[in-house]
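Here the structure is laid out as structure tokens; the discussion comes afterwards.
In our numbering, the protein residues as written are 1327 to 1473.
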């Protein structure tokens, strides 16, 4: 059965199911956030950086600052402040992924400044970007183990 499924995936393309509306909104939000950060002079180093313990939507660099960016996308009317959706648990997962990223890339504390940012993207009823907001230093970490 596994070989048949693999063959069908090759024939039909990537074999992924259609993305849910929430997943699609997230992808569009990440694309808009990356575009926004680039317009502000950031270089996007990574998108959807994943490890077992967590994920970082965007890793961006500008002026000696390495920003680990969580993206939150919503459609108008926004019912809740997107910053409130980033729980302490989610922050811990992002921090763990950031620690792994800095370790694997042999970054030292005196190489760059590290920051956790959030970019919120609000889409209008027609699905067009209506507002983008970049919150620098949205949450902090003491970087235990970062040397």
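We treat Cβ as the ideally placed atom computed from N, Cα and C, and that holds for glycine.
Asked: How far does the alpha helix (DSSP H) with residue 1451 in it reach, from first residue to last?; Found: Where residue 1451 is concerned, there is no enclosing alpha helix (DSSP H), given that its DSSP letter is neither H nor E.
Asked: Going by C-alpha to C-alpha distance, which of 1366, 1441, 1399 sits closest to residue 1357?; Found: 1399
Asked: Can you give me the start and stop residues for the beta strand (DSSP E) that residue 1400 sits inside?; Found: 1391 to 1401
Asked: Measure the C-alpha to C-alpha separation of residue 1415 and residue 1379 and round it to an integer number of angstroms.; Found: 11 Å
Asked: Name the two residues that bound the continuous beta strand (DSSP E) containing residue 1380.; Found: 1380 to 1388
Asked: Can you tell me where the alpha helix (DSSP H) with residue 1370 in it begins and where it stops?; Found: That residue, residue 1370, is in no alpha helix (DSSP H); its beta strand (DSSP E) goes 1369 to 1377.
Asked: Can you tell me which of 1464, 1452, 1446 puts its alpha carbon nearest to the alpha carbon of residue 1360?; Found: 1446
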